[in-house]
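Residue numbers (UniProt numbering): 426 to 749. Every residue, glycine too, gets a C-beta built ideally from N, C-alpha and C.
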Ligand code: PEP
Ligand code: MG
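Following this line, the structure appears as C-alpha cells:
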C-alpha cells in the first residue's frame, strides 16, 4: 500500500469525474514539517499553535514564536500555511497559566474566548505571525468562534496588530487572509454577513460533531456512539457547504474525519473541495478519491437517505468496496 501511495504522491487528488480536491496537512510541531514534502500535501490547512505552548514550561516569548513561525513558512516554500491562534482551555491546559476550575471545560472558557477576554497572548501571537511573514502571504484563523461578533472582535485585534507593526517599521504581509473555525453549530446559522466577512471557514469536525450530537469527544462511553455518516450530521454539513457556495466563502474541513478515506469521499460527494488531515492520511485519501465518481457516490448517499437509514455508512461501504 505504501508503494501505491508513493506512486500517486505527485499526482493531484482528482476524482474519476474530474473534480479536484485540495488535500492539506495538519501540523503543530517542527517535527511535522518534513511531511510537507513527503506527503504530497498542498499546504498546511491547520497549524495548531498551542502545541508549541504546551511543550514548554514557560510562556514562549514573542521573538521565539516569530522565529518558529518563520521556520514553518520557510519549510512550506510558498505553500499556504494556515495558523490557528492559541486553542487552549478544555482539554488543553497550559501548566504556567492559572487553571480555572470549570464544571464543563469543553463548554467553558477556551480558545478565542480566552483570546478576547485576555488579549495579551493573542496580541503577542498575531504580532509574531506578522513578523514571521515578513512581507510574505499570511493566513490566520481563530478557533471556536460561536458567533459573528467574536470573529469581528478577533479580526479587529489583527487590524490593530498590523497597525502597530506598521508603525514599528516592520514589513506587513503581502496578502492576509483571516478566517474562522466552524466548530459550534451556532456558527453554521450565523447571518449571511458573517459568511461574507470571513476570508474563509474551516470546519473543526472534532468539536463540531461533539456539540452537534452532545457527545463528549473525550468520553469513551459516548465518543463513538454517533457516526459521522449519520444523515443528520451529513445534512447539517451539506447546509454549510451550500451556504458557503451561495455566499462564495472558501470552505475546508480539518477535523480527524477528513483523514478517514470513507468519510473524506463522502465529504467530497456533498461538495467539500478542501480537506486537511494528518500527513499519513493524504495517500489513502487521495487514493480513494482518484477511484471515486462523486456523482455516483452522491446518488448512493441520496438513495440510502431516501430509504430512511440512520447512517449511510453500509451503503457507502458497499459502493466503495474494492476502491479502498
Ligand atoms: C476540531 O475540533 O476538529 C479541530 C480541528 O481542532 P482540535 O481537534 O484541535 O480541537
Ligand atoms: Mg477544535
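Boundaries of the beta strand (DSSP E) harbouring residue 604: 601-607, taken from the DSSP string. Taken through DSSP and simplified to helix, strand or coil, residue 468 comes out as strand.
The ligand PEP has a heavy atom closer than 7 Å to the beta-carbon of residue 679. In the same chain as residue 623, and ignoring 5 residues on each side of it, the C-beta atoms closer than 8 Å to its own belong to 576, 603, 604, 605 and 674, in chain order.
For residue 628, the enclosing beta strand (DSSP E) covers residues 626-628. Residue 655 is bridged by DSSP to 736.
The criterion of a C-beta distance shorter than 8 Å is not satisfied by residue 472 and residue 511. Residue range 447-452 is occupied by the beta strand (DSSP E) that includes residue 452. For residue 505, the enclosing beta strand (DSSP E) begins and ends at 505-509. In its chain, beyond the 5 residues on either side, 465 have a beta carbon closer than 8 Å to the beta carbon of residue 435. At the C-beta level, residue 690 and residue 722 come within 8 Å of one another. With a 10 Å radius around the Cβ and a threshold of 16 neighbouring Cβ atoms, residue 440 comes out buried. The ligand PEP has no heavy atom closer than 7 Å to the beta-carbon of residue 728. Under DSSP, residue 473 takes part in a beta bridge, and its partners are 509. In the structure shown, residue 543 falls within a coil segment according to DSSP collapsed to helix, strand and coil.
Taking residue 504 as the centre and dropping the five residues before and after it, the same chain places the C-beta of 461, 466, 467, 468 and 469 closer than 8 Å to its C-beta, in chain order.
In the DSSP assignment, the residues bridged to residue 567 are 605. Cβ neighbours of residue 607 within its own chain (closer than 6 Å, five residues either side excluded): 626 and 628. Setting aside the 5 residues that flank it on each side, residue 664 is surrounded in the same chain by 613, each with a C-beta closer than 7 Å to its C-beta; the list follows chain order. Counting the other CB atoms within 10 Å of its CB gives residue 655 a total of 16 or more, which places it among the buried residues.
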